[in-house]
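Asks: Okay, so the sequence shown: first residue is 365 according to this note's numbering, each after it adds one.
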Amino acid sequence: EDGIVQVHHAGLECCLILGQSPLLDVVRLGPPLRSPHTTTERALWATTEPFWALLKKALEEIPEK
Numbered sequence: 365e366d367g368i369v370q371v372h373h374a375g376l377e378c379c380l381i382l383g384q385s386p387l388l389d390v391v392r393l394g395p396p397l398r399s400p401h402t403t404t405e406r407a408l409w410a411t412t413e414p415f416w417a418l419l420k421k422a423l424e425e426i427p428e429k
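See below:
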């Protein structure tokens, strides 16, 4: 099944990392969240397993060197 690529205003953590290491390429990815950065933040449970499978596959394809 093909995934859907969406662009969202997100990635606070990426900005913090880039502030320390501006030469890095940083990508924020993850399952959709409800109420992010609040005490009621929740991941959409049905999306976590497909996301995990996608992440593992992507990591397997990164060359060792």
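A virtual CB, placed ideally from N, CA and C, is assigned to each residue, including glycine.
No experiment lies behind these values; they were computed from the predicted model shown.
Short of 6 Å in beta carbon distance, which residues of its chain neighbour Ala422, apart from the five on each side in sequence? Order them along the chain.
Replies: none
Asks: Within the same chain, show all residues whose beta-carbon is closer than 6 Å to that of Ile368, passing over the 5 residues directly before and after it, in chain order.
Replies: Cβ within range, chain order: n/a, list empty.
Asks: For my contact list, Leu408 and Arg392 are in at a C-beta cut-off of 8 Å; report their separation, rounded to the angstrom.
Replies: So it is not a contact: roughly 16 Å between Cβ atoms.
Asks: Using C-beta distances below 8 Å, list every residue in its chain close to Ile381, excluding the 5 sequence neighbours before and after it, in chain order.
Replies: Leu388, Val390
Asks: Starting from Lys429, trace the alpha helix (DSSP H) both ways and give me its first and last residue.
Replies: Unbroken run through Lys429: none, as it is neither H nor E.
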